[in-house]
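Residue 50 in full-length UniProt numbering sits at position 50 of the sequence shown, with consecutive numbering throughout.
Structure, as structure tokens:
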Amino acid sequence: IFLNGVWIGIHRDPLHLVRLVQELRRRGSISHEVSVIRDIRDREFKIFTDAGRVCRPLFVIDNDPTHERRGQLVLTKEHVLQLEEDHTLPEDQKFGWKGLLECGAVEYVDAEEEETIMIVMTPEDLEVSRQVQQGYELAEETDPNKRVKTPINKNMNQY
């Protein structure tokens, strides 16, 4: 385990530790600007809290195997309705961007963390990935005007 590049210790169950720290970040217990990186090949878990890292927001997919909405966006219609109601509420009661961060629907990811996570570009890509993981055969695309996509790797694993 490294904190801002300094070795601080080891852990017997890195997957559990990574999920725990990610959950703490998504719940707001630790800052949303903290970067959490699990490098499986080098067997390292890195946490960066320093300033100056460029981050971008991404929608979060629920990966908890015990949840009913596993494999779906954390963002729900209820969140969107709360955002729509914001224009009628006073400033201190608005849900807004801060609400999306606090409920874990959106998180900030820096460039190094981005290299170690799986990112889909559209909800359609998420659905196709889910079908491939369940063993379904996908039909060949015949429309020449359709968006060019990277072929899905059937042997892809999530760690």
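For glycine and all other residues, C-beta sits at the position ideal for the given N, C-alpha and C.
Check: Any idea which residues DSSP pairs Trp7 with across the strands?
Finding: DSSP output for Trp7 lists Phe2 as bridge partner(s).
Notebook entry, point to check: Asp125 lies in the alpha helix (DSSP H); which residues open and close that run?
Noted result: Pro123 to Gln133
Checklist line | CB of Pro14 within 8 Å of CB of Arg38, strictly | finding: yes
Check: Does the separation of the CB atoms of Leu138 and Val128 fall below 8 Å?
Finding: For the 8 Å CB-CB criterion, Leu138 and Val128 form a contact.
Checklist line | Whole-angstrom distance between Asn63 and Tyr159, CA atom to CA atom | finding: Residue confidence is low: Tyr159 scores 45 on pLDDT, short of 50, so the model does not pin down where it sits. Its coordinate-derived value is still stated next. Roughly 10 Å between the two C-alpha positions.
Item checked: Sheet register partners of Ile61 (DSSP bridge) -> Leu73
Notebook entry, point to check: Count the other CB atoms within 10 Å of the CB of Val6; is the residue buried (16 or more) or exposed (fewer)?
Noted result: Only exposed fits Val6, as fewer than 16 other CB atoms lie within 10 angstroms of its CB.
Check: Ile30: which of Glu107, Glu113 and Arg130 sits nearest, CA to CA?
Finding: Glu107
Checklist line | Candidates Asp125, Ala51, Lys46 and Glu124: closest to Glu33 by CA position | finding: Ala51
Next item on the list: Note the first and the last residue of the continuous alpha helix (DSSP H) segment covering Arg26.
Entry: Pro14 to Arg27
Margin query: Please report the distance separating the alpha-carbon of Gln82 from that of Gly9.
Written below: 42 Å
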